[in-house]
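Undergrad: Following this message is one structure expressed as structure tokens.
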Amino acid sequence: MIRTGDQYREGLQDGREVWMDGERVKDVTQHPAFKPIVDVRARMYDMAHEAKYQDRLTYVEDNKRNTIFYKPPRETKDWTDKVEAVDAVMQDIGGVVTRVGDETIGEVWSLIDGRDVLAEFDPRFADNVDRHVQNIFDNDIFHISANTDPKGDRSLPPQEQDPDMMVHVVKETDAGIVIRGAKYETAAAYADQAFLKPTVGAWTNETLSDYAVGGIIDMGAPGVKQICRSSFAGRNNPKDYPLANRFDEVESLVIFDNVLIPWENVFFYRHTKAAQYIRATLHRYSAFPYVHRLLYVADMMIGAAMFNAKQTGLDKLQSVREKLADLVVYREGINAHLTASIALAEKSPGGLLMPNQSMLYAGRVHACSGLPAMMHIARELCGGQICVTPNAAAFESDGSGPWLQKFYSLNKQWESEDRRKLLAFARDLLNSDYAGHRLTFVQFAQAPHFNHLNAVYNSFDFSGPLDFVRKAAGLSDKVMGTGK
1 MIRTGDQYRE GLQDGREVWM DGERVKDVTQ HPAFKPIVDV RARMYDMAHE AKYQDRLTYV
61 EDNKRNTIFY KPPRETKDWT DKVEAVDAVM QDIGGVVTRV GDETIGEVWS LIDGRDVLAE
121 FDPRFADNVD RHVQNIFDND IFHISANTDP KGDRSLPPQE QDPDMMVHVV KETDAGIVIR
181 GAKYETAAAY ADQAFLKPTV GAWTNETLSD YAVGGIIDMG APGVKQICRS SFAGRNNPKD
241 YPLANRFDEV ESLVIFDNVL IPWENVFFYR HTKAAQYIRA TLHRYSAFPY VHRLLYVADM
301 MIGAAMFNAK QTGLDKLQSV REKLADLVVY REGINAHLTA SIALAEKSPG GLLMPNQSML
361 YAGRVHACSG LPAMMHIARE LCGGQICVTP NAAAFESDGS GPWLQKFYSL NKQWESEDRR
421 KLLAFARDLL NSDYAGHRLT FVQFAQAPHF NHLNAVYNSF DFSGPLDFVR KAAGLSDKVM
481 GTGK
């Protein structure tokens with residue numbers, strides 16, 4: 001089935017405990033900090049029912065219409081369909097959102113690949129994976145991750161400090177397991193459920209651990225409390241900050257205060273091998289939509305920079321063209337890695353079509369590590385006016401407006417209002433508090449840079465380069481560890 005936007009909003013009115021700026025939020029669908037992004041997610045649901053978009057966002061199987069986003073990928077077309085669906089959404093909403101379900105569903109597909117590992121400990125848990133994958137798929141659930149613990153003092157094991165610094169099981173009951181701890185997560189306040197899993201993957205001296213736990217958490221469950229960071233939406237006039245006021249994806253510290261996870265929602269418990277597997281394979285699918293979003297960020301930077309250069313004729317300068325070309329190279333590098341990762345896709349252990357891991361993870365490094373420099377180039381091309389231009393109220397004032405209209409109008413093509421809008425857009429993309437937040441989000445939302453590089457190292461096949469050098473240098477087979 002496919003939900004409507006109103007059905008999604010109704011699902012959020014479940015009495016969930018959400019706090020922001022010291023006050024409890026009565027209704028996340030109407031609160032000014034959440035309403036803009038809830039409306040974006042609701043719009044995604046509604047688009048799937050419209051004739052203009054239905055064939056791009058959904059498909060029919062067994063006489064049921066389902067969302068393209070949650071379809072487990074089994075052939076190349078499944079991936080190209082997802083790319084086209086994301087493009088339809090981004091073009092319709094006029095911006096970029098990342099954590100709206102299609103990224104985090106990939107972590108659940110990784111569970112399909114790890115089904116046999118989970119079954120080693122308890123066959124029931126593997127069956128739980130099958131059922132939840134189908135449930136998300138059948139009911140169009142807004143599913144997110146629950147990944148990052150507060151951790152506390154990282155030089156100490158969790159047992160030697162406040163044990164709640166990492167999520168752990170405190171009790172088993174006939175109904176399920178009871179957990180305590182907390183997780184940081186984007187979009188938790190306005191999502192339906194989360195896949196909770198450990199932050200720690202490198203288990204060393206423990207074969208069993210109360211911290212090795214994974215399962216599905218309902219965001220409205222008793223004992224789940226969310227303390228959100230302050231929102232960028234509603235702080236300033238949307239005319240001055242058009243991106244922050246529409247697309248801020250709010251993070252929460254999600255607290256689990258003796259929360260029951262029913263046995264049917266448990267994927268693994270006290271199973272460190274399962275925890276290791278989940279950590280190692282967590283992003284094998286979800287990295288694709290994550291990197292794909294940065295393609296649209298690159299397009300926004302190119303568009304803003306090019307318009308700013310063209311309006312004053314600076315696009316004719318070679319030095320300006322070189323900087324614009326740098327942005328294009330960054331953008332096309334992202335596109336090339338994404339395209340190649342699907343063209344060279346591999347069958348996964350669970351029978352899904354997995355993006356070529358080396359290509360995908362190398363693309364993530366390119367996209368994430370290159371973003372700060374690209375934002376700086378775009379900022380240079382947009383110029384200092386993004387930090388000195390007065391706000392919309394000044395342009396609309398009878399006293400100051402005429403002067404601003406005079407000095408911000410260039411010609412018949414570029415009058416003051418279009419220039420003001422462009423500069424406000426560029427400021428919010430490159431220079432605002434929201435822009436800084438988004439940059440930091442990109443650097444850490446799928447682990448920090450050193451983890452990105454480690455994923456590349458672990459996924460790259462070194463045998464080709466080694467064998468090439470062995471032959472070129474005339475080395476013996478012994479150096480490959482296969483000779484005698």
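So for the sequence shown, the UniProt record's numbering puts the first residue at 1; every next one is plus one.
Backbone N, C-alpha and C define an ideal beta-carbon position, used for all residues, glycine too.
Please return the same chain residues whose Cβ sits closer than 8 Å to the Cβ of Arg9, not counting the five positions on each side in sequence.
TA: Looking up residue 9 in the sequence shown gives position 9. Closer than 8 Å at Cβ, skipping near neighbours: Thr29, Val38 and Ala42.
Undergrad: Just how far apart, CA to CA, sit Lys484 and His283?
TA: As a working mapping, residue 484 is identified with position 484 in the sequence shown. As a working mapping, residue 283 is identified with position 283 in the sequence shown. A caution first: Lys484 carries a pLDDT of 46, below 50, which makes its placement in the model unreliable, though a value can still be read off. One C-alpha to the other measures close to 39 Å.
Undergrad: Tell me the residue span of the alpha helix (DSSP H) that contains Phe444.
TA: Reading the sequence shown from its first residue, position 444 is the one you call residue 444. First-last of the alpha helix (DSSP H) with Phe444: Asp433 to Phe444.
Undergrad: Between the alpha carbons of Asn139 and Ile2, how many angstroms are there, rounded?
TA: For the purposes of this step, residue 139 is identified with residue 139 of the sequence shown, where counting begins at 1. For the purposes of this step, residue 2 is identified with residue 2 of the sequence shown, where counting begins at 1. Spanning the two alpha carbons is a distance of roughly 7 Å.
Undergrad: Could you round the C-beta distance between Asn66 and Phe137 to whole angstroms and report it? I think they count as a contact, below 8 Å.
TA: Taking the sequence shown and counting its residues from 1, one reaches residue 66 at position 66. Taking the sequence shown and counting its residues from 1, one reaches residue 137 at position 137. That pair is a contact at about 6 Å.
Undergrad: Which value, in whole angstroms, describes the spacing of the CA atoms of Val320 and Leu381?
TA: As a position in the sequence shown, residue 320 is number 320, starting the count at 1. As a position in the sequence shown, residue 381 is number 381, starting the count at 1. Taking the straight line from one Cα to the other gives about 7 Å.
Undergrad: Quick check on Met20: does DSSP put it in helix, strand or coil?
TA: Counting from one through the sequence shown, the residue named residue 20 turns up at place 20. Strand, per DSSP.
Undergrad: Tell me Asn66's beta-bridge partners as DSSP assigns them.
TA: If you number the sequence shown from 1, residue 66 lands on position 66. In the DSSP output, where bridge partners are listed per residue, Asn66 has Tyr59.
Undergrad: Are Ala146 and Ile255 touching if we call contact CB-CB under 9 Å?
TA: The count along the sequence shown starts at 1 and reaches residue 146 at position 146. The count along the sequence shown starts at 1 and reaches residue 255 at position 255. No; because the gap between Cβ atoms is not below 9 Å, this pair is not in contact.
Undergrad: Spatial neighbours of Lys197 within its chain, please: CB distance less than 6 Å, with the 5 preceding and 5 following residues excluded, ordered by chain position.
TA: The residue you call residue 197 lines up with position 197 of the sequence shown. Taken in chain order, the residues that qualify are Gly214 and Ile278.
Undergrad: Tell me the rounded alpha-carbon separation between Arg473 and Ser341.
TA: Translated into positions along the sequence shown, residue 473 becomes position 473. Translated into positions along the sequence shown, residue 341 becomes position 341. First, the amino acid is wrong: residue 473 is Ala here, not Arg. Ala473 and Ser341: Cα-Cα distance of roughly 31 Å.
Undergrad: Tell me the DSSP secondary structure of Lys484 in three-state form.
TA: Counted from its first residue, the sequence shown places residue 484 at position 484. Note on Lys484: pLDDT 46, under 50, position unreliable in the model; no value is reported.
Undergrad: Quick one: is Leu317 buried, meaning 16 or more other Cβ sit within 10 Å of its Cβ, or exposed?
TA: Position 317 of the sequence shown holds residue 317. When all chains shown are included, Leu317 counts as exposed.
Undergrad: Take Ile179 as the anchor and find which of Thr281, Val169, Asp210 and Met359 has the nearest alpha-carbon.
TA: If you number the sequence shown from 1, residue 179 lands on position 179. Of Thr281, Val169, Asp210 and Met359, the residue nearest in Cα terms is Val169.
Undergrad: Three-state secondary structure (DSSP) at Ile255?
TA: By one-based count along the sequence shown, residue 255 stands at place 255. Strand, per DSSP.
Undergrad: Whole angstroms is fine: what's the gap from Val365's alpha carbon to His452's?
TA: What you label residue 365 is simply residue 365 of the sequence shown in a count that begins at 1. What you label residue 452 is simply residue 452 of the sequence shown in a count that begins at 1. C-alpha separation (whole angstroms): 6 Å.
Undergrad: Determine the extent of the alpha helix (DSSP H) in which Gln7 is found, giving its start and end residues.
TA: Locating residue 7 in the sequence shown gives position 7, counting from the first residue. Segment Gly5 to Leu12, the alpha helix (DSSP H) holding Gln7.
Undergrad: Can you tell which of Glu23, Glu84 and Gly95 has its C-alpha closest to the C-alpha of Pro36?
TA: Taking the sequence shown and counting its residues from 1, the one referred to as residue 36 is at position 36. Looking at the Cα atoms, Gly95 is the closest of the given residues.
Undergrad: Please tell me whether Thr148 and Thr199 are closer than 9 Å, where the distance is taken between their beta carbons.
TA: Position 148 of the sequence shown holds residue 148. Position 199 of the sequence shown holds residue 199. Yes, the pair counts as a contact, with Cβ atoms nearer than the cut-off.
Undergrad: Sorted by chain position, which residues of the same chain lie with C-beta nearer than 6 Å to Met375's C-beta, five sequence neighbours on each side aside?
TA: Position 375 of the sequence shown, counted from the first residue, corresponds to residue 375. Cβ within range, chain order: Leu430.
Undergrad: Considering only residues of the same chain and omitting the five flanking positions on each side of Gly223, which have a CB-CB separation below 7 Å?
TA: In the sequence shown, residue 223 corresponds to position 223, counting from 1. Within the same chain, Gly223 has close Cβ partners Phe256, Asp257, Asn258 and Val259.
Undergrad: Using three-state DSSP, classify Leu156 as helix, strand or coil.
TA: Looking up residue 156 in the sequence shown gives position 156. Reduced to three states, the DSSP call for Leu156 is coil.
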